[in-house]
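Below: the structure, in C-alpha cells.
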Ligand SMILES: *Cc1c(COP(=O)(O)O)cnc(C)c1O
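Structure representation (C-alpha cells):
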C-alpha cells in the first residue's frame, strides 16, 4: 500500500487554497444574462416564444421529434408516468441508487416502486436482474443514467419490448450522453431531463421531456398546463384563439421564458461544458486509479459519458475511517463534496411504507454507504482537482490498514 502511494507522488508542488472549492458551480455567461434581460423587457414572461425556441433547439440536439419544457425533472417524471397510463396499484421498476425524485414520482401516481439492484461498477440498473422483477402489474421501467453513463439500453429495451412495457428514462444526469451512437433523449419512449442549479445545463430550476411518440407529446403538453386543450401562448398571441377546454386533470408544470432564456444559451454550449467536465473527470481517473482504497467510476466503450458528477466509492473495509471522516477531512481543507445517493430503499419514508430490508439490494447498499462525489464543474482547473486528489491521498495514507 505505502509503495503504491509513493509511486503516485508527483513532482509538482501541492497547491494550497484559502477559498472554498464547491462540489458544483453554475456556468452562466453574458449571453444568458442579456437574454434574461431581453425577456424581462418583453411582454412575455411565462411559457412563450423563448420556451418554444428552447424546445426546438433541444429536440434538434438529441434528434427527437418532440420536446416539452417543464418546471422540473420531477414534474417530467410525474406526467411521464401518467402519460404511459400508470395507475394506482401498478408497479414501476427503477434503480434504488437515484435521487428520491425518481421514487417520489412513482408514489405521486399511486404506484409501487420495484427496485432492480445496481451493477457494482457502473452503479446503473443491472439488466440481468430486470426480467425477474417484472409482474403483470409492471407498467413502466425507469432506467436512471447514473452520473451520466447510459444504462445497458439494448438489454433493457429487449426485455421491455418482450413484455410491452414503456421505458421512461431518468436522464437528469445524462444531457450530452449517448449509447452506441444514439443520443440519450432519442432512445426510450420518453426521456426526462433536469436543469436544476447543479446540473450540467441549468435554468435555475427546470426540466424537459423528449419523445418520438406524437400521442405522448400531445398528452404531456396538456398535462403540463392544467389539462387545458391550448396553452396561454396559443390563446393570447396575435394569431391565437381565446377558446379552450379542460380535457384532463393536469398540473402547472410549464417552463417560463425567463428560464428558457438561460436554457437557449446553455444548450448552445453543452458540448463544450461536457468536454470541460470530461477533462477534470479524466484527470481524477488518472490520479486515483492506482489507489486500492478507492473505486473510480466505470466507463463503457460504446457509451458517451455526460460527466455530470465524479463519484468515488471508498473501500472502507481497507480503511480505519469511513466516508463521514473523509467528508469532514475534505471540508477542513476547503473542499465541498456530495453524496449521490443514499439508496432510496434505505430512506425511512420508503422503508416504513414498503418494509424494504437494507440487504434486499446488496450492491446499492454497499455503494450507498461508501459513495462520495468530488468537486466537478466547468470552471474548475486541473490544479483544483490536483489539490483534491492530494487531500484524499493524505487521508488514505493516514487511515489505510
Ligand atoms: C436532479 C435529479 C432529479 C430531479 O430533478 P429536478 O429538476 O430537480 O426535479 C431526478 N432524478 C435524478 C437522478 C436527479 O439527479
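Numbering (our numbering), first residue to last: 687 to 1087.
For glycine and all other residues, C-beta sits at the position ideal for the given N, C-alpha and C.
Anticipated Cβ contact below 8 angstroms, residue i with residue j, distance rounded
i, j, result
"residue 810", "residue 835", "7 angstroms"
"residue 807", "residue 984", "4 angstroms"
"residue 1023", "residue 1058", "5 angstroms"
"residue 829", "residue 842", "6 angstroms"
"residue 1017", "residue 979", "With a Cβ gap of about 19 angstroms, residue 1017 and residue 979 do not count as contacting."
"residue 1088", "residue 762", "This structure does not reach residue 1088, given that the chain is present from 687 up to 1087, and the question cannot be answered."
"residue 967", "residue 996", "6 angstroms"
"residue 938", "residue 769", "Rounded, the Cβ-Cβ distance is 17 angstroms, inconsistent with contact."
"residue 876", "residue 740", "Between residue 740 and residue 876 the Cβ distance is about 18 angstroms, and since that is not below 8 angstroms, they are no contact."
"residue 750", "residue 898", "6 angstroms"
Those residues which DSSP pairs with residue i across a bridge
i, result
"residue 713", "Per DSSP, none; premise fails for residue 713."
"residue 1058", "998"
"residue 752", "897"
"residue 864", "869, 990"
"residue 981", "999"
"residue 935", "DSSP lists no partner for residue 935."
"residue 914", "932"
"residue 801", "780"
"residue 811", "804"
"residue 1024", "1059"
"residue 679", "Residue 679 lies beyond the range of the chain shown here (687 to 1087); nothing can be said about it."
Residue i burial status per 10 Å Cβ neighbour count (16 or more: buried)
i, result
"residue 727", "exposed"
"residue 689", "Note that residue 689 scores 43 on pLDDT, short of 50, meaning its location in the model is unreliable and no value can be drawn from it."
"residue 789", "buried"
"residue 925", "exposed"
"residue 729", "exposed"
"residue 692", "Unreliable positioning characterises residue 692 in this predicted model, as indicated by a pLDDT of 46, which lies under 50. The coordinate reading is nonetheless provided below. By the neighbour-count rule (16 or more Cβ atoms within 10 Å), residue 692 is not buried but exposed."
"residue 849", "exposed"
"residue 867", "exposed"
First and last residue of the uninterrupted beta strand (DSSP E) at residue i
i, result
"residue 878", "876 to 880"
"residue 826", "824 to 828"
"residue 856", "854 to 856"
Whole-angstrom distance between residue j and residue i, CA atom to CA atom
i, j, result
"residue 816", "residue 792", "17 angstroms"
"residue 800", "residue 922", "44 angstroms"
"residue 758", "residue 969", "32 angstroms"
"residue 962", "residue 719", "21 angstroms"
"residue 879", "residue 1087", "42 angstroms"
"residue 1025", "residue 1050", "13 angstroms"
"residue 804", "residue 782", "8 angstroms"
"residue 687", "residue 1019", "At residue 687 the pLDDT is 45, less than 50, meaning the model places this residue with poor confidence and gives no usable figure here."
"residue 813", "residue 1045", "19 angstroms"
"residue 1073", "residue 779", "40 angstroms"
"residue 903", "residue 1002", "46 angstroms"
"residue 1021", "residue 959", "22 angstroms"
"residue 825", "residue 1036", "20 angstroms"
"residue 981", "residue 794", "35 angstroms"
Where the alpha helix (DSSP H) through residue i begins and ends
i, result
"residue 778", "That residue, residue 778, is in no alpha helix (DSSP H); its beta strand (DSSP E) goes 777 to 780."
"residue 1034", "1034 to 1040"
"residue 1069", "1068 to 1085"
"residue 1014", "1009 to 1018"
"residue 790", "786 to 794"
beta-carbon residue i near ligand 2 non-hydrogen atom, thresh 8 angstroms
i, result
"residue 1031", "As for ligand 2, it is missing from this structure, which binds only ligand 1."
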